[in-house]
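Chains as they are written, first to last, in the working numbering: chain A, 1 to 318; chain B, 1001 to 1318. C-beta atoms are modelled at their ideal positions from N, C-alpha and C, and glycine is treated no differently. Below is one structure, written out as structure tokens; the observations come after it.
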């Protein structure tokens, strides 16, 4: 696996790229689009004046505006990088500014809901290619972005049947240019896969951190001091953006509830093994989960270093 | 916070130190005891011939034996670094070899059960100072150890009331020499605190990895590919040693079941908020969990780097 981006493209994928929402993902796209020459001209569109000023200071876009219809004018591609819950509103607002042949895409963690929200506002002759880069950190805002965020990560496209092949190819080339591997699937399957690999883990992490915060018999300071026993790992993803995650759960309800039901069933079974002292059941369960970790490391989706490499000296003798 | 161990002690804490069990923790103790000069002579005791041979090859102890009663002879301190479930058996086996005035300690993740198992076998004139270093990685065995494992981590002592003050002071000095901060509490309180900061997180991690492995509609290869959405974080602690963790759950049943009950209650409440589309409840919950992460970073118990620093370029522009 390469650990850095390759050389810039000779011919950019898009002449004019508009990014709506310059948070962690949008600002990372702006940075990699420029450093890899994926677009000749980058327009940053954000509703927040604070974000716009910061993007201007950072110098990561060629133009910055708060007016979405103006910002998308003449764009070859517009990528929505806003919370899932407002994609429909933004699609409606930008509708009048889109040029014929433009491509709309997005980066949302839920696909079924976004397809339902955005599709009614896609003008004839404009192509909608929904996308989801499975990448991120627990940080938010334009300062949190960096150009290698998507390197060696997967990006899932969920184009509607019969979508323009050139539009799909262009979005694929864009993500491959950003260092990603690309896969296509249906929105419904995407939402099921992500419910287990991303949404449920976040829900559980948010939940256990809340449980710990509410204890009466254990002080908050004890929870913090002794967090290296495992708890601290959960606090990282429980520090993710609350608006983004509220919208994910509201917009992927069925798949999340399905996975949550399975999780709770399995947890009841482990609970029962603990209550009745069934060491064999516990041992067998704890043994088979090791293989998945090994595959994740072998396929380059996580570091092989112990403790995520948090202890840089873990592999040396001093 | 210092990021490396200080200079070796001029006078070692113990003349002769016996370590029983040379896995991740025991072999890390052997390494730091030598590099910091915490003991003049280190005896490694392990029931496994494979481990003994490896310890000999690594050269991290002055003597290596499979006979626990012989190994502890003349030791000033004996530290049990074996799974919680066998501490009583080992204490019984070494009983005859202990010299008067010796100190027994341990590193177990559960304290109430270990006190109950070991105390009956502590000869008169021998001091038992139970200890638990809150440190570790997901790896196991003598090769996984490293001398800075305990640096800036807490070690909890749970000495019985009226225990010899010099014995407690010696164990404290030993852990401080290994780079740890030391706190004392009762075994019962320890077991409650660790149930939430360590045992429940491991149980949940083991559980979700099992749930993911059992899905029919999502393939194992999809779970692995798209694990960067959050799931991979859980696979790390779910790769921990199965024997160790089986014993933890069997020996801290009441506290784990209590914390699990609270966790499940809280999860039901989040589940209900998702089902009924209560975005405000979700948003409020997701907001208050951020503060705990901040405190963990401020107190040096985790890295401030995004994504645990797994992406070294996260803070640079290329």
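Query: Looking only at its chain, what residues have a beta carbon closer than 7 angstroms to the beta carbon of residue 255 (chain A), apart from the 5 residues adjacent to it on each side?; Result: 191, 192 and 195
Query: If distances are taken between C-alpha atoms only, which option among B:1105, B:1281, B:1237 and B:1302 comes closest to residue 1072 (chain B)?; Result: B:1105
Query: Cβ of residue 1147 (chain B) within 8 angstroms of Cβ of residue 1035 (chain B)?; Result: yes
Query: DSSP three-state label for residue 1226 (chain B), please.; Result: coil
Query: Anything in the stretch 1217-1242 of chain B with a Cβ closer than 7 angstroms to a Cβ of chain A? List those residues in chain order, please.; Result: 1217, 1218, 1222, 1223, 1224, 1225, 1226, 1227, 1228, 1229, 1230, 1231, 1232, 1233, 1234, 1235, 1236, 1237, 1238, 1239 and 1242
Query: Within the chosen definition, does the stretch 1214-1223 of chain B reach the stretch 1164-1180 of chain B through at least 3 CB pairs nearer than 8 angstroms?; Result: no
Query: Does the distance from the C-beta atom of residue 137 (chain A) to that of residue 1241 (chain B) stay below 8 angstroms?; Result: no
Query: Could you check whether the stretch 1064-1079 of chain B touches the stretch 1108-1115 of chain B, counting it as contact only if at least three pairs of C-beta atoms, one from each stretch, sit closer than 8 angstroms?; Result: no
Query: Is residue 1204 (chain B) close to chain A, meaning its C-beta is less than 8 angstroms from at least one C-beta of that chain?; Result: yes
Query: Would DSSP call residue 1038 (chain B) helix, strand or coil?; Result: coil
Query: Residue 215 (chain A) CB to nearest chain B CB: under 8 angstroms?; Result: yes
Query: Does DSSP classify residue 16 (chain A) as helix, strand or coil?; Result: strand
Query: Ignoring anything shorter than 3 residues, give me the beta strand (DSSP E) runs that lie fully in the stretch 67-137 of chain A, in order along the chain.; Result: 77-80, 103-106, 127-129 and 131-133
Query: For the alpha helix (DSSP H) holding residue 258 (chain A), just list the boundary residues, first then last.; Result: 253-275
Query: Spell out the partners DSSP gives residue 65 (chain A) in its beta bridges.; Result: A:45
Query: Given a cut-off of 8 angstroms, decide if residue 68 (chain A) and residue 122 (chain A) are closer than it, judged by their beta-carbon atoms.; Result: no
Query: State yes or no: is the beta carbon of residue 1108 (chain B) nearer than 8 angstroms to at least one beta carbon in chain A?; Result: no
Query: For residue 156 (chain A), name the three-state secondary structure that DSSP assigns.; Result: strand
Query: Just to check my reading of the structure: residue 209 (chain A) and residue 1119 (chain B) have Cβ atoms closer than 8 angstroms, yes? What is that Cβ distance to the nearest angstrom?; Result: With 8 angstroms as the limit, residue 209 (chain A) and residue 1119 (chain B) do not qualify as a contact, their Cβ atoms being about 36 angstroms apart.
Query: Inspect the beta-carbon positions of residue 156 (chain A) and residue 127 (chain A) and report whether they are closer than 8 angstroms.; Result: no
Query: Rank B:1175, B:1115, B:1133 and B:1030 by C-alpha distance to the C-alpha of residue 1161 (chain B) and give the top, closest one.; Result: B:1115
Query: Let's test the definition: count the other Cβ atoms within 10 Å of the Cβ of residue 1266 (chain B) and tell me whether it reaches 16, buried, or not, exposed.; Result: buried
Query: Against residue 1302 (chain B), what residues of chain A qualify as contacts under a CB-to-CB distance less than 9 angstroms, listed in chain order?; Result: 227, 228, 232, 233, 235, 236 and 310
Query: Which residues in chain A have a C-beta closer than 9 angstroms to the C-beta of residue 1065 (chain B)? List them in chain order.; Result: Under the 9 angstroms cutoff, chain A gives no residues; its nearest Cβ is about 23 angstroms from residue 1065 (chain B).
Query: Where do the ends of the beta strand (DSSP E) carrying residue 193 (chain A) lie?; Result: Here residue 193 (chain A) belongs to no beta strand (DSSP E); instead the alpha helix (DSSP H) covers 187-194.
Query: In chain B, which residues lie less than 9 angstroms from residue 253 (chain A) when you measure between Cβ atoms?; Result: 1274, 1275 and 1277
Query: Whether or not the stretch 36-53 of chain A and the stretch 4-17 of chain A are in contact is what I'm after, with contact meaning three or more pairs of Cβ atoms, one per stretch, closer than 8 angstroms; do they touch?; Result: yes
Query: Is it buried or exposed for residue 268 (chain A), if we count other Cβ within 10 angstroms and need 16 for buried?; Result: exposed
Query: So that I know if they touch, is there some Cβ in chain A lying closer than 8 angstroms to that of residue 1117 (chain B)?; Result: no
Query: So what does DSSP say about residue 1317 (chain B), is it helix, strand or coil?; Result: Reliability fails at residue 1317 (chain B), whose pLDDT of 40 lies under 50, so the model's placement of it is uncertain and no value is given.
Query: Hey, does residue 82 (chain A) have any beta-carbon neighbour from chain B nearer than 8 angstroms?; Result: no
Query: Using a Cβ-Cβ distance under 8 angstroms, would residue 1112 (chain B) count as near chain A?; Result: no
Query: Taking only beta-carbon atoms, is residue 1062 (chain B) less than 8 angstroms away from chain A?; Result: no
Query: Less than 8 angstroms between CB atoms is the rule here; does residue 212 (chain A) satisfy it with respect to chain B?; Result: yes
Query: Residue 183 (chain A) by DSSP, collapsed to three states: which one?; Result: strand
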